[in-house]
Amino acid sequence: MSDPRITSSIFTRGAVDLSALRSPAPSPAPGPAPAPAQAGPPAGAPGGAVGGVTVIDVTEATFQSEVLERSLTTPVVVDFWAEWCQPCKQLSPVLERLAVEGGGAWVLAKVDVDANPRLAQMFRVQGIPMVYAVVGGQPVDAFSGVVPEPQLRQWIQAVLKAGGVEVADPEDPRLDEADDALMSGDLDAAEQAYRKILAEAPTDAAAEAGLAQVGLARRVAGVDPQAALAAAAADPADVDAQLLAADIEVLSGLAEQAYQRLVGVVRRTAGDDREKVRQHLVGLFAIAGPEDPVVASARRALASALF
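Going by the UniProt record's numbering, the first residue of the sequence shown is number 1, and it counts up by one from there.
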């Protein structure tokens with residue numbers, strides 16, 4: 001699947017009713033005092049701060065304290081699974097490993113649907129594995145089925161951000177490998193590595209930027225920078241010369257100048273030439289990334305030039 005998140009959120013339609021779980025538990029019948037529970041973090045305490053909790057088994061009786069109350073301060077990911085479910089055996093170990101890796105930044109709560117059918121019913125679980133994120137006492141997102149680990153990491157990052165947790169972008173060894181190939185000049189290996197990442201995570205901005213850099217490196221290979229800039233200055237109507245000059249400028253740290261050059265070409269051209277320049281400029285934008293303020297300004301200029 002391209003995105004593990006549910007596009008049309010079931011939560012906004014009131015599909016999950018947790019009111020029963022928030023009701024106080026009935027008073028216990030008279031009898032011997034129950035044995036003390038094992039030591040662990042109090043409800044609502046960050047899992048990594050007290051007791052190092054990262055993975056817990058949850059039942060209907062403990063759901064309120066271990067999930068709803070805990071999620072007031074620590075995001076909780078709820079994994080609905082069953083022993084007979086083969087896909088669960090693929091996804092659950094990855095979730096558990098990532099939870100341990102997170103060191104308590106979030107907690108994985110595992111719910112056996114066979115032992116807790118009422119919980120599964122409340123969450124409208126129709127197939128497993130089914131995974132919910134609970135933040136601030138409310139479900140905020142979900143996905144079903146097995147998803148690739150890179151997408152799973154991105155989803156967890158989004159859950160943490162929703163919970164107000166300061167997170168750093170996780171390191172991806174595949175991305176490091178692709179970057180190393182690019183830096184060493186092995187463009188074929190770099191392209192293959194970036195495309196493999198994008199096949200699993202189509203919106204990975206770092207891989208998109210890397211692939212755009214591969215294209216840039218190929219276009220300027222063997223080019224005399226001064227000669228390319230001079231040729232563009234001598235003939236402003238030569239579209240290919242302007243594109244190459246923009247590539248040189250980006251490599252020289254003059255990205256804003258390159259963007260302005262190509263926006264100007266867009267204004268002066270039409271038809272296939274204009275589309276060629278537009279696509280080239282968008283490719284250069286990918287190298288810097290969408291959050292670059294210079295890119296944002298250039299995108300506005302491009303939109304103005306086009307319309």
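Cβ coordinates follow ideal geometry from the N, Cα and C atoms, glycine included.
- For alanine 82, the three-state secondary structure derived from DSSP is coil.
- Looking at the backbone, the Cα of leucine 281 and that of alanine 258 are separated by about 9 angstroms.
- Taking 3 residues as the minimum length, the beta strand (DSSP E) runs contained wholly in the segment 69-138 are 76-81, 107-112, 130-135, in order along the chain.
- The beta carbon of alanine 217 sits closer than 7 angstroms to the beta carbons of Leu187 from its chain, once the five residues preceding and following it are set aside; these are given in chain order.
- Counting only unbroken stretches of 4 or more residues, the alpha helix (DSSP H) elements lying wholly within the segment 131-219 are 149-162, 173-183, 187-200, in sequence order.
- When the beta-carbon positions are compared, glycine 104 and threonine 54 come within less than 7 angstroms of each other.
- For the pair of segments examined, the segment 267-274 was found not to touch the segment 193-205: the number of CB pairs separated by less than 8 angstroms stays below three.
- Less than 7 angstroms divides the Cβ of valine 263 from the Cβ of leucine 302.
- For valine 55, DSSP records a beta bridge to Leu108.
- A Cβ-Cβ separation of about 7 angstroms places arginine 219 in contact with leucine 244 under the 8 angstroms criterion.
- In the DSSP annotation of this structure, the continuous segment of the alpha helix (DSSP H) that includes proline 293 starts and ends at 293-306.
- Here the alpha carbon of valine 134 sits roughly 15 angstroms from the alpha carbon of alanine 120.
- C-alpha of glutamate 149 to C-alpha of glycine 127: approximately 20 angstroms in a straight line.
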